[in-house]
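Visitor: Residue numbers (our numbering): 168 to 489.
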Amino acid sequence: MNYTTLARSIIRGDRKAAARLISVVEDEEEGYGEAMDMIFSASGRAGVLGITGAPGVGKSTLVFELAKGFRKEGKSVGIVAVDPTSPLTGGAILGDRIRMSELSSDPGVFIRSMGSRGGTGGLSLQASATVRILDALGCEEIIVETVGAGQTQVDIMGLADTVVVVTMPGSGDEVQSIKAGLLEIADIYVVNKMDLPGSMSTAADLRAMIDLVEDWKGWKPPVLLASASGARGLEEVAGSIRRHREWFSDPEAHMERRASQARKEIYDIIASGILRAISSAVTDEEMGELVRLVAERKMSPYDAARKVAGSALPGADLYKAL
Ligand SMILES: Nc1nc2c(ncn2[C@@H]2O[C@H](COP(=O)(O)OP(=O)(O)OP(=O)(O)O)[C@@H](O)[C@H]2O)c(=O)[nH]1
Ligand SMILES: [Mg+2]
168 MNYTTLARSI IRGDRKAAAR LISVVEDEEE GYGEAMDMIF SASGRAGVLG ITGAPGVGKS
228 TLVFELAKGF RKEGKSVGIV AVDPTSPLTG GAILGDRIRM SELSSDPGVF IRSMGSRGGT
288 GGLSLQASAT VRILDALGCE EIIVETVGAG QTQVDIMGLA DTVVVVTMPG SGDEVQSIKA
348 GLLEIADIYV VNKMDLPGSM STAADLRAMI DLVEDWKGWK PPVLLASASG ARGLEEVAGS
408 IRRHREWFSD PEAHMERRAS QARKEIYDII ASGILRAISS AVTDEEMGEL VRLVAERKMS
468 PYDAARKVAG SALPGADLYK AL
């Protein structure tokens, strides 16, 4: 299969071709790198927004409302919902589908759900390739929903220019978990479900936490109250996203973040490519035998890894590397 034909169709705006190339990346087919080079050249125009937070805080509802807002401005929208938890049951994804059905009939909206299928490639790489493909397709705004830190393999900062961390009132645990993992990644905080009791004090807790950091290097994350399902506070959220984007669009000022995004993507691509090359150097039987030996504790997993990698990379100093 020549994926470059697919890439050309995507750049012309062919949604079916985009869906197919995303599947190629997800299924870890070989040889789509050249198509991704073309996609890369045609991308770079979209605004990429990350929405993250604990399960059930209202991320998808917020994504839906923000997408509707972008549509009102006449912008085309791509939505990538990453569900690392339950690729099998797909419960959350199904719920999202129903919620999204209003948008999915809109030709200006492209929605894609993805979950880890337990393959060798990283979900991060799949998500970043999907964002690029939607960008090349012509989506002007791309929203990526991921479940909060610690529960996901997807580094949202590596994907998005603006990251919104969503939380909800009622659990001090929430603020604790944000402290533990999400503090460094948030550009904007949204305390969703402001219709429920305790939203003011959750916001106050977050603000107190933010105030402890002395130097925000030009952008101090605002804490906003909203109700995604009640359509309250959404203008303010959209406004903050716009302001952050303006601030972030100065390329000189943000080389550090862009460089760390680039570094991560390069390493993800290397890791997935090498893993694929190495895996194809052993047969399923050979791999099965090694798995059995390690499971029976007759061989160290490091030794097994060296044996597999050694047959694909003769001459590499695997004792040093592994
Ligand atoms: N009371 C209240 N409920 C809300 C609000 N926003 C969303 N919800 C409800 O919260 C529940 C979870 O919303 P989702 O948007 O699916 O949350 P999520 O964070 O995407 O959930 P996962 O993707 O499963 O992690 C749904 O029943 C929503 O209707 C709100 O502002 N107030
Ligand atoms: Mg969701």
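Just so you know, even glycine gets a beta-carbon here, dropped at the ideal spot from N, CA and C.
Rounded to whole angstroms, what is the Cα-Cα separation between Asp302 and Met203?
Guide: Approximately 12 Å between the Cα atoms of the pair.
Visitor: State whether the segment 208 to 222 contacts the segment 185 to 195, with contact taken as three or more CB pairs (one from each stretch) at a distance under 8 Å.
Guide: Because the criterion of three Cβ pairs below 8 Å is not met, the segment 208 to 222 and the segment 185 to 195 do not touch.
Visitor: Could you have a look at Tyr356 and say whether DSSP puts it in helix, strand or coil?
Guide: Here Tyr356 sits in strand by DSSP.
Visitor: Please determine, among Gly282, Val230, Pro418, the residue with the shortest C-alpha to C-alpha distance to Val332.
Guide: Residue Val230 is the option with its Cα nearest to Val332.
Visitor: Mind checking Asp194: buried by the 16 CB within 10 Å criterion, or exposed?
Guide: So Asp194 counts as exposed.
Visitor: By alpha-carbon positions, which one of Glu403, Leu442, Ser280 ends up nearest to Val314?
Guide: Here the closest residue by C-alpha is Ser280.
Visitor: Taking Cβ positions, are Leu457 and Met466 nearer each other than 8 Å?
Guide: In contact: Leu457 and Met466 (Cβ atoms closer than 8 Å).
Visitor: Less than 8 Å between the beta carbons of Ala294 and Val247, yes or no?
Guide: Yes. Within cutoff.
Visitor: Relative to the alpha-carbon of Gly198, which residue among Gly440, Glu403, Val311, Asp362 has its alpha-carbon at the smallest distance?
Guide: Considering only alpha carbons, the answer is Gly440.
Visitor: State the Cα-Cα distance for the pair Gly258 and Ser227, rounded to the nearest angstrom.
Guide: Bear in mind that a pLDDT of 47 at Gly258, under 50, signals an unreliable position, so the model cannot answer this.
Visitor: Using the C-alpha atoms, what's the distance from Gly385 back to Thr172?
Guide: Rounded to whole angstroms, Thr172 to Gly385 spans 44 Å at the Cα level.
Visitor: Is the closest heavy atom of ligand 2 to the C-beta of Lys235 under 7 Å?
Guide: No; taking the cut-off as 7 Å, the Cβ of Lys235 has no heavy atom of ligand 2 nearer than that.
Visitor: In chain order, what residues of the same chain lie with their CB nearer than 7 Å to the CB of Ile300, ignoring the 5 residues before and after it?
Guide: Hits under 7 Å: Ile177, Ala185, Leu188, Ile189, Ile206.
Visitor: Restricting to Cα atoms, I'd like to know which of Ala405, Ile377, Met376 is closest to Glu232.
Guide: Of Ala405, Ile377, Met376, the residue nearest in Cα terms is Ala405.
Visitor: Taking the alpha carbon of Arg430 as the point to measure from, which residue in Leu326, Val342, Lys235 has its own alpha carbon closest?
Guide: The shortest C-alpha separation from Arg430 is found at Leu326.
Visitor: List in chain order: all unbroken alpha helix (DSSP H) runs of 4+ residues lying wholly within the segment 378 to 436.
Guide: Within the segment 378 to 436, the complete alpha helix (DSSP H) runs of at least 4 residues are 401 to 415.
Visitor: Based on the DSSP secondary-structure assignment, which residues constitute the bridge partners of Gly217?
Guide: DSSP, once it has assigned bridges, lists Val311, Val330 as partnering Gly217.
Visitor: Enumerate in chain order the residues of its own chain whose CB-to-CB distance from Met121 is below 6 Å, with the five nearest sequence positions on each side excluded.
Guide: Limits of the chain in this structure are 168 at one end and 489 at the other, which puts residue 121 out of reach.
Visitor: Is Ala248 helix, strand or coil when you go by DSSP?
Guide: The answer is strand: DSSP assigns Ala248 an E or B state.
Visitor: Between which two residues does the beta strand (DSSP E) holding Val461 run?
Guide: Per DSSP, Val461 belongs to no beta strand (DSSP E); it is in the alpha helix (DSSP H), 451 to 462.
Visitor: For Ser407, count neighbouring Cβ atoms within 10 angstroms of its own Cβ and tell me buried if that reaches 16, exposed if not.
Guide: Result: buried.
Visitor: Can you tell me whether DSSP reads Met281 as helix, strand or coil?
Guide: Met281 falls in the strand class under three-state DSSP.
Visitor: Excluding five sequence neighbours on each side, which residues of the same chain lie with their C-beta closer than 7 Å to the C-beta of Asp362?
Guide: Cβ neighbours of Asp362 beyond the five flanking positions: Ser394, Gly397.
Visitor: For Tyr469, name the three-state secondary structure that DSSP assigns.
Guide: Reduced to three states, the DSSP call for Tyr469 is helix.
Visitor: How is the alpha helix (DSSP H) around Arg175 delimited, first residue to last?
Guide: Looking at the DSSP string, the run of the alpha helix (DSSP H) that includes Arg175 is 170 to 178.
Visitor: Taking only the alpha-carbon atoms, compute the straight-line gap between Ile436 and Pro274 and give it to the nearest angstrom.
Guide: About 31 Å.
Visitor: Between His411 and Ala234, what straight-line distance do the alpha-carbon atoms span, to the nearest angstrom?
Guide: Each residue's alpha carbon lies about 17 Å from the other.
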